[in-house]
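Chemist: Residue numbers (my numbering), protein chains in the order written: chain A, 3 to 396; chain B, 7 to 63.
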């Protein structure tokens with residue numbers, strides 16, 4: 003076994019210990035590479051969005067640079083979420099990308115709309131995958147507007163090929179980072195709350211909020227229809243892996259987007275069903291609770307023990323520890339706003355507080371509580387990581 | 007086989023064109039069915055993930 007492989011196993015074991023709410027030798031540390039690294043390079047966002055190899059190269063350079071002096075366990079990256087050529091080939095209306103629609107230094111934008119009409123619920127519920135292929139894909143992709151046409155056939159070929167290419171390139175990068183640096187990915191696979199699947203892309207925020215009053219039974223039925231799909235999508239995306247948790251970025255469930263009554267009726271039951279369904283297959287959920295989830299901690303505590311990793315963004319950390327600690331692994335402790343607007347000393351103080359409050363009996367990973375934004379400061383991320391090692395030894 | 011394509015079915019979650027449908031169209035296979043089925047299902051799962059990628063953003 004190489005030294006890097008030994009390091010990988012050591013870090014992985016540390017992570018697996020806290021996933022089981024145990025206490026390892028040190029508090030595991032999560033490190034995120036995102037758009038923030040671009041400002042420390044001679045390139046710009048359009049290039050790293052469009053050129054995947056360039057994105058991987060500058061990520062590797064950043065790892066090289068920080069790894070000289072830093073030690074951390076989990077790695078999330080690289081710098082961009084999407085590979086625009088896959089969207090461009092399909093004529094996607096969903097996004098605006100740097101250098102295509104937006105200035106080359108901009109981040110991406112999502113174009114929200116009612117891509118599913120209020121009168122289409124029944125067709126969607128009856129056959130979700132069929133409805134997506136026959137209605138949604140042609141509607142959101144201009145090149146695929148007339149399925150069967152020359153343009154649509156070519157666009158489908160190119161976009162699906164791009165999807166495979168991106169998966170292969172990113173998979174190879176993850177293997178490289180494991181082999182050369184001993185880095186552990188924090189998650190495998192991706193899923194969402196059914197209410198978010200419905201509200202983010204199909205009905206849109208305005209549409210689903212209207213539906214809560216005008217056609218609540220349709221919303222409930224659609225969410226229920228989505229449960230087995232959100233489980234299947236997670237398992238396929240993780241290629242059956244059950245070692246690492248499945249990432250679930252949660253959007254419209256944060257307080258106070260919905261009232262408690264709405265949350266309990268529309269959001270929670272089917273998210274719970276997805277989490278329980280995955281747990282029945284041995285797969286944890288990385289409960290990416292962006293925003294504030296404090297009012298719902300009592301309901302979240304009802305989930306099967308150890309079935310989630312609860313990510314603390316602006317949720318009250320003390321209450322999260324009090325209610326969820328010992329039942330689930332907790333992750334976070336450092337607000338992403340602090341990484342942008344704070345100073346290294348403020349970040350260091352925050353890390354100390356977080357470890358004091360959250361790490362005492364194990365079951366905790368120190369890291370950013372949300373997506374590290376493009377304007378985050380490298381010195382703050384380094385301060386976070388150094389402080390975590392300084393204070394996070396059991 | 008083109009004339010006997012089954013067009014009315016609801017694919018189960020995780021599938022687009024389930025093996026059960028394709029098998030019905032194919033009838034008996036000359037060799038080891040499990041090999042064909044396993045590879046069919048891998049590609050079917052890939053297509054499923056591609057379709058649902060556009061919703062699960």
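We treat Cβ as the ideally placed atom computed from N, Cα and C, and that holds for glycine.
Just to make sure I have the definition right: I need the residues of chain B whose C-beta is within less than 7 Å of the C-beta of residue 123 of chain A. Which are they?
Modeler: The count along the first chain starts at 1 and reaches residue 123 of chain A at position 121. Here the premise fails: no neighbours, minimum Cβ distance about 15 Å.
Chemist: Do the CB positions of residue 316 of chain A and residue 291 of chain A come within less than 7 Å of each other?
Modeler: Locating residue 316 of chain A in the first chain gives position 314, counting from the first residue. Locating residue 291 of chain A in the first chain gives position 289, counting from the first residue. Contact: no.
Chemist: Does the separation of the CB atoms of residue 1 of chain A and residue 87 of chain A fall below 7 Å?
Modeler: Missing from the structure shown is residue 1 of chain A; chain A here goes from 3 to 396 and no further.
Chemist: Just how far apart, CA to CA, sit residue 56 of chain A and residue 392 of chain A?
Modeler: Position 54 of the first chain, counting from 1, holds the residue named residue 56 of chain A. Position 390 of the first chain, counting from 1, holds the residue named residue 392 of chain A. Between residue 56 of chain A and residue 392 of chain A, the C-alpha separation is close to 33 Å.
Chemist: Spell out whether any CB of chain B is found under 7 Å from the CB atom of residue 134 of chain A.
Modeler: Translated into positions along the first chain, residue 134 of chain A becomes position 132. So yes, residue 134 of chain A belongs to the interface.
Chemist: List in chain order: all unbroken alpha helix (DSSP H) runs of 4+ residues lying wholly within the region 210-292 of chain A.
Modeler: If we require 4 residues or more, the alpha helix (DSSP H) runs fully inside the region 210-292 of chain A come out as 218-239, 270-282.
Chemist: If you measure between the beta carbons of residue 345 of chain A and residue 377 of chain A, is that distance less than 7 Å?
Modeler: Counting from 1 along the first chain, the entry for residue 345 of chain A is found at position 343. Counting from 1 along the first chain, the entry for residue 377 of chain A is found at position 375. Going by C-beta atoms, residue 345 of chain A is not nearer than 7 Å to residue 377 of chain A.
Chemist: Can you list, in chain order, the residues of the region 179-206 of chain A whose Cβ is nearer than 8 Å to any Cβ on chain B?
Modeler: The residues in question are 192, 193, 194, 199, 202, 203, 204.
Chemist: Name the DSSP bridge partner or partners of residue 28 of chain A?
Modeler: As a first step, residue 28 of chain A is located in the first chain; it is residue number 26 there, counting from the start. Beta-bridge pairing links residue 28 of chain A to A:395.
Chemist: Taking the DSSP output, what are the residues bridged to residue 100 of chain A?
Modeler: Sequence index remark: in the first chain, residue 100 of chain A carries index 98 (1-based). Beta-bridge pairing links residue 100 of chain A to A:104.
Chemist: Count the C-beta pairs between the region 196-208 of chain A and the region 115-127 of chain A that are closer than 8 Å, then say yes if the count reaches three, no if not.
Modeler: Enough Cβ pairs lie closer than 8 Å, so yes.
Chemist: Taking 7 Å as the threshold (beta carbon to beta carbon), is residue 230 of chain A in contact with chain B?
Modeler: Your numbering for residue 230 of chain A matches position 228 in the first chain. Yes, because at least one Cβ of chain B sits closer than 7 Å to the Cβ of residue 230 of chain A.
Chemist: Candidates A:133, A:190, A:91: which alpha carbon is nearest residue 156 of chain A's?
Modeler: As a first step, residue 156 of chain A must be located in the first chain, where it is residue number 154. Of the listed residues, the one whose Cα sits closest to residue 156 of chain A is A:91.
Chemist: Can you give me the C-alpha to C-alpha distance between residue 24 of chain B and residue 164 of chain A, rounded to a whole angstrom?
Modeler: The sequence position of residue 24 of chain B within the second chain is 18, counting from 1. The sequence position of residue 164 of chain A within the first chain is 162, counting from 1. Cα to Cα, residue 24 of chain B sits roughly 24 Å from residue 164 of chain A.
Chemist: Starting from residue 191 of chain A and walking both ways along the beta strand (DSSP E), at which residues does that stretch end?
Modeler: If you number the first chain from 1, residue 191 of chain A lands on position 189. From DSSP, residue 191 of chain A is part of no beta strand (DSSP E); its letter is neither H nor E.
Chemist: Write down every uninterrupted run of the alpha helix (DSSP H) in the region 71-99 of chain A whose length is 4 residues or greater and which is fully enclosed by it, in chain order.
Modeler: The region 71-99 of chain A contains these whole alpha helix (DSSP H) runs: 86-92.
Chemist: Nearest chain A C-beta to residue 19 of chain B closer than 7 Å, yes or no?
Modeler: Here residue 19 of chain B is taken as the residue at index 13 of the second chain, counted from 1. Cβ-Cβ to chain A under 7 Å: yes for residue 19 of chain B.
Chemist: So that I know if they touch, is there some Cβ in chain A lying closer than 7 Å to that of residue 26 of chain B?
Modeler: Numbered from its first residue, the second chain carries residue 26 of chain B at position 20. No - not a single Cβ of chain A is within 7 Å of the one on residue 26 of chain B.
Chemist: Can you tell me the Cα-Cα spacing of residue 30 of chain B and residue 40 of chain A, whole angstroms?
Modeler: Start at 1 with the first residue of the second chain, and residue 30 of chain B comes out as number 24. Start at 1 with the first residue of the first chain, and residue 40 of chain A comes out as number 38. In a straight line, the C-alpha of residue 30 of chain B is about 53 Å away from that of residue 40 of chain A.
Chemist: Please classify residue 347 of chain A as buried or exposed, where buried requires at least 16 other C-beta atoms within 10 Å of its C-beta.
Modeler: Numbered from 1 along the first chain, position 345 holds the residue referred to as residue 347 of chain A. Under this definition residue 347 of chain A is an exposed residue.
Chemist: Between the region 45-56 of chain B and chain A, which residues of the former have a C-beta closer than 9 Å to a C-beta of the latter?
Modeler: Taking 9 Å as the Cβ-Cβ cut-off against chain A, the residues of the region 45-56 of chain B that qualify are 51, 52, 53, 54, 55, 56.
Chemist: Residues of chain B with a CB under 7 Å from the CB of residue 239 of chain A: which are they?
Modeler: Translated into the one-based positions of the first chain, residue 239 of chain A becomes position 237. Correct list: 55.
Chemist: Within the 7 Å Cβ cut-off, does residue 154 of chain A reach chain B?
Modeler: Against the first chain, residue 154 of chain A aligns to sequence position 152. No, its Cβ sits nowhere closer than 7 Å to a Cβ of chain B.
Chemist: Going by other Cβ atoms of all chains shown within 10 Å of its Cβ, with 16 needed for buried, is residue 219 of chain A buried or exposed?
Modeler: Along the first chain, one-based indexing puts residue 219 of chain A at 217. Its Cβ having fewer than 16 others within 10 Å, residue 219 of chain A is exposed.
Chemist: Using a cut-off of 9 Å between C-beta atoms, extract the partners of residue 142 of chain A located in chain B.
Modeler: Your numbering for residue 142 of chain A matches position 140 in the first chain. Those within 9 Å of residue 142 of chain A in chain B are 60.
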